[in-house]
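Single-structure report; data block below.
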Amino acid sequence: MQKRIFFAVILLLFVSTAIFAGTTGKLAGKVKDEKGDPVPYANVVIMKGETIITGTQTKENGQYMIINIPPGVYDVKCSQVGFKGKKITGVHINLDETTVLNISITSTLMEIQGVDVVASRVEMVSKTKTSSGKTVTAESIEDLGVDNIDGIVAIQAGATIANGELHIRGGRANEVVYTVDGMSVSDPVDGEAALTIDKDAIKDMKVMTGGFTAEFGNAQSGIVNIVTKDGGRDYSGKLEMSSDHLAPDTDNSNSDNVKFALGGPVLTPKISSLRDNFTFFFNIASNWHDSRYKDYYVSNPVEELKYLNSSWNTYEFPDIYKERKEILGFDIGNRNYNLYNANLKVKYKFNPRQNVTFSVSGDQNEWEPYSHAWKYALEHYVKVNSDQRLYKFTYDQTFNAQMNLKVKAGLFEKHITQGPKGISLDDYFVKSPETFDLYASNEPYYCSGIKYLTKTGLYDEDHVPDWTFNVNGQPRAITDFVSPGSIYGFNRDDENKVYTVRSDFEYQLNMVHGFKTGFEFMKHYIKKDQISNPWVIDFYRYDQYLKNNAVPVDSVYNEVENTYIPKYSLDDLYAATLAASGYREGYEAYPIQGAYYLQDKMEWEGMIVNAGMRFDFWYIGSKYKIFRDAGKYIWQYFDKDKRFQMMVSPRLGVSHPISEKSVLHFAYNYQNQLPQMQYIFTTATPEDAITNPGTILGKPDLKPQITVTYEVGLQHQLGEDYGFDITAYYKNIYNYITTEKVYKEGDETVSWYQLISEDYGSARGIDINIEKKPSHFISGSTSYSLSWANGNNSGLRLQEQAINLREFPLNWDMRHNFNFNINFRIGHGEEFYIPFTGLRLPWDNFSMNFLYNIASGTPYTPVTAEGNALETNSARKPHTENASLTINKKFNITEKSYMKFYVDINNLFDRRNVYYVYPQTGSPYYDGADLTVGSSDYVAPEVQYIHDLATKNPSNVSSGRTITFGMSFNW
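Here the numbering used here is used: the first residue of the sequence shown is 4, the next is one more, and so on.
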């Protein structure tokens, strides 16, 4: 036995290459006869319809185990000579879990045709799970009135949505890693989720909140592991449309959705050899909407309020909806948000144990967000374009029921542009030959012949026009809003690429030891190109460009300086102007990261131990490019001792079944997460920091963020239909990134900020979940989380003094969070009688889902009337509540096709939850500002009016009730 274990470990070390996220599950159990004796060499086969997926034979002791099973619901067939066969239907296989299925078959003296068919009993307790989390199936997702992944995650125990971001167990938003078919889709630059996956493409989704095994890395708080759908042996599909602007008097966003999905054999179902072996699944989802602020995009102020342009004429506000076309109540063409995503997956099976899969997922989005400060200047406010692709190739080789190898390769691309609407970088400066005079001035930085487009939206016009009230009033500046015609001053053209190669090798040595091992290699390409305030000319850079790149055409004598000043052509002056405009942040970097892990899951009858070790490495390279003016760049070099880092993460999980219906588990995790690349690579160099006070410098040897987690939990089955789960956890978090102020040696008048890894935090809490499996028309779940999230900073901040050593509630600290989710479903051909009445509902194929959340308010820092901040995050916003109701009705057309009509009502009770409060008052509308003049208590009506318009920011509270009507044709 020792030799076999040694051989297995050596094989894993040399053959395997790694997986980042599991995409399969495991089936194990024992086959016995009617006397309870083991049945050796019995055939155990997993089937999907009439198709055999995989199978194995039992050992001499009747035990069997099958690995590498895609998640889903299957039939399991057991047979042996001399025994009557048995078929168990509805066996659930979950991601990264072992389903235990013990089978009893009856011996017979003569051959009996047929098999016994029994339904699988869904266990509410997983005896082999050593971590905490929840598996969400496609069927349960369909019942929910939630249309995005974060919304699905947020209703799980331990997860919250705070300030518009998803947090898991007190961690930061960028500590949640998203994977699709085992491939990460989180942005390596800022850590946020990147790629959008439509819920119709999801086959299974596992939300992991704690107790991560060694195969999962570079995540501190949570992992969202998504497996997308495959095609089947028959064609199936869906066409769906929905709108939220059909119901009157609702707070809609003028949203329309169109979705299409199709899956099946690639060629034709009539070619039997390819029907099961060559399949595809494709879906596309499109959404057009104007957002909850659609009415605020109309910039025209009320009649009493006028705006005078630079010529003192009344400014004509543009109507962004003027060009819209409408057909049957639906807008045609682009809206404020235009979102598209698609997914294609093609799979070819060479044989039952060998297959390849190619898939491509992507989204393409264009949006023009709303800003209340820019309400009257939206014409040239920001427009964003985002384009993302994920290409994946997987080779899957099953050697036998206990040994599997996967090899994966992938490419993730992200390109995002951002800038003012209707204005390109070329529009900020234009040549004006008619005003160009080579000898008009003897100033060294003379730029005649070039018109400047200033931030006011006017060429060569620095005067900011004024508002007037009641037309006859005196013009006055209003600082609450950006002046009409102003131009958004930030341009961005960023690109990321990640090339990935990895694989995993899994070997079930025996009924006790199940090994996994592997490594992962990722090469990044990061390009950042950003310009802010492009109308501002840096005349030092302007002068340097001319000296280094242009030839003077003449010169003029300057008597004051007693020197000749060179004169340049209009083309050279224009090129210098473009090169020296704005403040540029840009670089190209090529870092590499990788990982190796080894894991052993040991399963005994009374205990399961999941032990592993993970090694992550990070190589930032020897140098990276920093962009300079006019397309030039310089190389920034790293010291040799700062280019490479290695992180070691031990993992341990223990599960102990204390009875047939109760399981106790414990987990210890040491988790590393690489610092975000935006803090490793920066445009500023140490030389820049000396000449530009306030510069922020990156640091190549920032430490990885570390989370040490302890958790203990209890699962218990209540009766046949209910499962209870309670987990307590404690987390210490180290090496959050912050800054320290650095002074030039020998000259404390020169300073800059250096990024460092010194901040820290902690989180603790209890998660409780009660789940009911479908029975008597009802299913659902209830979760409650009690948590504390503390730290010395809620995010990156400029530290003027020593690092704050005190901990306080973080911005997303949410003490109580309660979710209630209930489904009512009448299946096809079923009858439901209303309790206590004897009345039967005249419907089948009918379902309703009710989802309710109530949560504590998040903290904020109160401020006195004098403007002095009190203790950090010592006050709380009001609690939040939200309820949604979804109603579905299906009408069968044929045996395999039906129409579905549904209604989604979000914010059922039309409640306005508070997202932001003014720190002086704790109110979302009133900021406590003193608008009086001098010692008088008088406030001018126009001043009060404009101030109220500004402080009543619609983003401070949630939107009202929204009703979406939809229908789909499914086949």
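Ideal placement from N, C-alpha and C gives every residue a C-beta, glycine not left out.
It should be emphasised that the depicted structure is a prediction, and the values quoted were computed from it without experimental measurement.
Buried versus exposed, by CB contacts within 10 Å (16 or more), threonine 566: When all chains shown are included, threonine 566 counts as exposed.
Cβ-based neighbour list, valine 18, same chain, cut-off 7 Å, excluding 5 preceding and 5 following: Residue placement at valine 18 is poorly supported in this model, since its pLDDT is 38, which falls under 50; the coordinates are not used for a value here.
Runs of beta strand (DSSP E) lying entirely within the stretch 843–874, each at least 3 residues, in chain order: 849–858
Completely contained alpha helix (DSSP H) runs for the stretch 251–294, where each covers 4 or more residues: Whole alpha helix (DSSP H) segments, 4+ residues: 275–278.
Minimum C-alpha distance to serine 318 - residue among Gly488, Ser224 and Asp728: Per the sequence shown, the amino acid found at residue 318 is tyrosine instead of serine. Comparing Cα-Cα distances from tyrosine 318 to each of Gly488, Ser224 and Asp728, the minimum goes to Gly488.
Unbroken beta strand (DSSP E) run spanning phenylalanine 647, endpoints: It spans 647–662 - the beta strand (DSSP E) in which phenylalanine 647 sits, taken as one unbroken run.
Tyrosine 756 beta carbon less than 9 Å from that of glutamate 774: no
Start and end residues, beta strand (DSSP E) containing methionine 208: It spans 205–213 - the beta strand (DSSP E) in which methionine 208 sits, taken as one unbroken run.
Per DSSP, cross-strand counterpart(s) of threonine 231: Ile205
Touching by the beta-carbon criterion (3+ pairs, under 8 Å), the stretch 213–222 and the stretch 175–186: The answer is yes - the stretch 175–186 touches the stretch 213–222, with three or more Cβ pairs under 8 Å.
Sub-9 Å separation of leucine 393 and valine 363 beta-carbons: Going by C-beta atoms, leucine 393 is nearer than 9 Å to valine 363.
Bounding residues of the alpha helix (DSSP H) (the contiguous stretch that carries arginine 544): 542–552
Arginine 587 classed as buried or exposed, judged by whether at least 16 other C-beta atoms fall within 10 angstroms: buried
Given glutamate 382 as reference, the closest of Pro372, Gly798, Gly597 and Ser859 once Cα atoms are compared: The shortest C-alpha to C-alpha distance from glutamate 382 to any of Pro372, Gly798, Gly597 and Ser859 is the one to Pro372.
Burial state of arginine 800, where buried means 16 or more other Cβ atoms lie within 10 Å: Burial call: exposed.
Residue interval of the alpha helix (DSSP H) (run including valine 84): Element bounds for valine 84: n/a, residue is neither H nor E.
Rounded straight-line distance, which links the Cα of threonine 867 to that of asparagine 536: 34 Å
Proximity below 9 Å, CB of threonine 133 to CB of histidine 668: yes
For glutamate 168, the three-state DSSP class (helix, strand or coil): strand
Methionine 680 in three-state terms, based on DSSP: helix
Collapsed DSSP secondary structure at tryptophan 370 in the structure displayed: Tryptophan 370 sits in a strand when the DSSP states are folded into three classes.
Histidine 248 classed as buried or exposed, judged by whether at least 16 other C-beta atoms fall within 10 angstroms: buried
Neighbourhood of valine 261 by C-beta distance below 6 Å, restricted to the same chain and skipping five residues each side: Met244 and Ser289
Delimiting residues of the alpha helix (DSSP H) encompassing alanine 582: Here the alpha helix (DSSP H) through alanine 582 covers 573–582.
Residue(s) in a DSSP beta bridge with glycine 716: His668 and Thr730
Sequence-distant residues of the same chain with beta carbon closer than 6 Å to glutamate 591, five excluded per side: Lys530 and Lys628
Where asparagine 177 falls: helix, strand or coil (DSSP): Here asparagine 177 sits in helix by DSSP.
Inter-residue spacing [alpha-carbon to alpha-carbon] between aspartate 322 and serine 302: 7 Å
Alpha carbon of asparagine 445 to alpha carbon of valine 559, nearest angstrom: Any reading at asparagine 445 is ruled out, since the residue's pLDDT is 41, under 50, leaving its predicted position unreliable.
Stretch-stretch touch, CB-based, cutoff 8 Å, three pairs: the stretch 832–845 with the stretch 863–879: no
Length-filtered (4 minimum) alpha helix (DSSP H) runs lying within the stretch 331–367: With a minimum length of 4 residues, no continuous alpha helix (DSSP H) run stays inside the stretch 331–367.
Euclidean distance between Cα positions of alanine 553 and valine 539: 21 Å
Proximity below 9 Å, CB of threonine 199 to CB of asparagine 151: yes
Stretch-stretch touch, CB-based, cutoff 8 Å, three pairs: the stretch 617–636 with the stretch 680–687: yes
Distance CB(proline 355)-CB(aspartate 233) smaller than 9 Å: no
Paired residues, beta bridge with proline 944 - DSSP: DSSP output for proline 944 lists no bridge partner at all.
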